[in-house]
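Asker: The sequence shown runs -18 to 301 under this note's numbering.
A virtual CB, placed ideally from N, CA and C, is assigned to each residue, including glycine.
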Amino acid sequence: MDFQILISNLTNPTLLFFLLGIIATTVKSDLEIPQSSSKFISLYLLFAIGFKGGQELAHSHFSSEILYSIILGLLIASLIPIYTFFILKRRVSISDAGAVAATYGSVSAVTFVSAVSFLESQQIAFGGHMVAVMALMESPAIIVGVILMMQYDKEAKKEGSMRSIIQHSFTNGSVLLIFGSLIIGFIADTKQAEGIKPFTTDIFKGFLALFLLEMGIVTAKRFSAFRQYGLFLSVFAILIPATNGCIVAFASGLVTESVGNRFIFAILAASASYIAVPAAMRLAAPKADPGLYIPMALGLTFPFNITLGMPLYYAIVQHF
């Protein structure tokens, strides 16, 4: 791992605001981001990254690489829940195993946004189609996780049918906004799109810093509730994402030679959803404990990826 890249990432202002949020909670400060403001900022980040991706996609030619990238993304999102489920079901209930497996097979839009910020700091471009890949990777993991739960816990009564769960996974607000923004960015007139560039680009990192400040506050609160589950799941929440990220950092070279695209693939494989999956699991797995899979994703995996994970995956795609 390049030590300078690691130091640069650890001293990134957006990451430092994340650490400030953790410190604020630790010292029991009353610092908080109002919920309405937090929701607006998260909507803004999804809108901005989707729109910019659509604009980049509009100026790129459709190629076999784009098709193969989509296939690889769907494959990653489908396979990760399967093997993680069988690791987990020996230690936790079937419902919890399915929910955690879906969490780690799905992706984190906020981690994706942080990865984009990392690439920009390194002045490395990535394809606009990677936004579409990210949006498409949200749902397969949820579907696979639910199928596994139904297969191994037949006595459990699900509150929603498979059809309603699939529909919910595709109409989830974060998925719909980023995919919709991607399409709008793709079809929007270039000259007209320039008019909102200051909003989608210039203030992006400032809003990201504020959002990560709130993520730090939430992370510190969630992590305390997770301690009761022991060492195994703590190790899982770091080792499994790191393994996924490293493997895909290598394997993505079969699909694309772009350092930026390979890095994005690695971070998508390593990330864990704490927005789309919890919303879907309320329907699919009411017995699953949100105090397990949300703190795992937000309290351990997310901080690992934005501190040590990103420099690690970047070093792999650069040297291999």
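With 16 as the cutoff for other CB atoms within 10 Å, does ALA106 come out buried or exposed?
Answerer: exposed
Asker: Got a sec? Which residues, its chain only, sit under 8 angstroms from ALA190 by beta carbon, not counting five neighbours each side?
Answerer: PRO(-6), THR(-5), PHE(-2)
Asker: Buried or exposed for GLN36, please, with buried defined as at least 16 other CB atoms from any protein chain shown within 10 angstroms of its CB.
Answerer: buried
Asker: Which same chain residues end up closer than 8 angstroms to VAL199 when comparing Cβ atoms and leaving out the 5 residues on each side of it in sequence?
Answerer: GLY2, LEU279
Asker: Short of 8 angstroms in beta carbon distance, which residues of its chain neighbour MET115, apart from the five on each side in sequence? Order them along the chain.
Answerer: GLY54, VAL88, ALA90, PHE93, ILE159, ILE245, LEU249
Asker: Would you kindly work out how many angstroms separate the C-alpha atoms of MET348 and ALA58, rounded to a whole number?
Answerer: Given that the chain is displayed from residue -18 to residue 301, the structure contains no residue 348 and the question cannot be resolved.
Asker: Mark LYS138 as exposed unless 16 or more other C-beta atoms lie within 10 angstroms of its C-beta, in which case mark it buried.
Answerer: With a pLDDT of 49 at LYS138, under the threshold of 50, the predicted position of this residue should be treated as unreliable, though the coordinate-derived value follows. LYS138 comes out exposed.
Asker: Check VAL8 in the structure and name its three-state DSSP category.
Answerer: The answer is coil: DSSP assigns VAL8 none of H, G, I, E or B.
Asker: Specify the secondary structure class of GLU13 as computed by DSSP and reduced to three states.
Answerer: Of the three classes helix, strand and coil, the one that applies to GLU13 here is coil, per DSSP.
Asker: Check whether the region 22 to 35 and the region 181 to 189 touch, using three or more Cβ-Cβ pairs below 8 angstroms as the test.
Answerer: yes
Asker: Can you check which of these residues, VAL229, GLY79, PHE167, is closest to MET131 by C-alpha distance?
Answerer: GLY79
Asker: Over what stretch of residues does the alpha helix (DSSP H) that includes GLU268 continue unbroken?
Answerer: A small fix is needed here, since residue 268 is Lys in this sequence, not Glu. For LYS268, there is no enclosing alpha helix (DSSP H), since its DSSP letter is neither H nor E.
Asker: For the putative contact between VAL236 and GLU46, defined by C-beta atoms under 8 angstroms, what is the C-beta separation to the nearest angstrom?
Answerer: A Cβ-Cβ distance of about 7 angstroms is found for the pair VAL236 and GLU46, placing them in contact under the 8 angstroms criterion.
Asker: By the DSSP assignment, the alpha helix (DSSP H) with LEU100 in it spans what residues?
Answerer: 90 to 102
Asker: With a CB to CB cut of under 7 angstroms and the five nearest residues on each side skipped, what residues in its chain are close to PRO284?
Answerer: THR200
Asker: Helix, strand or coil for HIS40 per DSSP?
Answerer: coil
Asker: Going residue by residue through the region 153 to 219, where are the continuous alpha helix (DSSP H) segments of at least 4 residues, counting only ones entirely within it?
Answerer: Annotation: the region 153 to 219 contains the following complete segments of the alpha helix (DSSP H) (minimum length 4 residues), in chain order: 154 to 168, 171 to 175, 185 to 207.
Asker: Look up ASN(-10) in the DSSP assignment and say whether it is helix, strand or coil.
Answerer: helix
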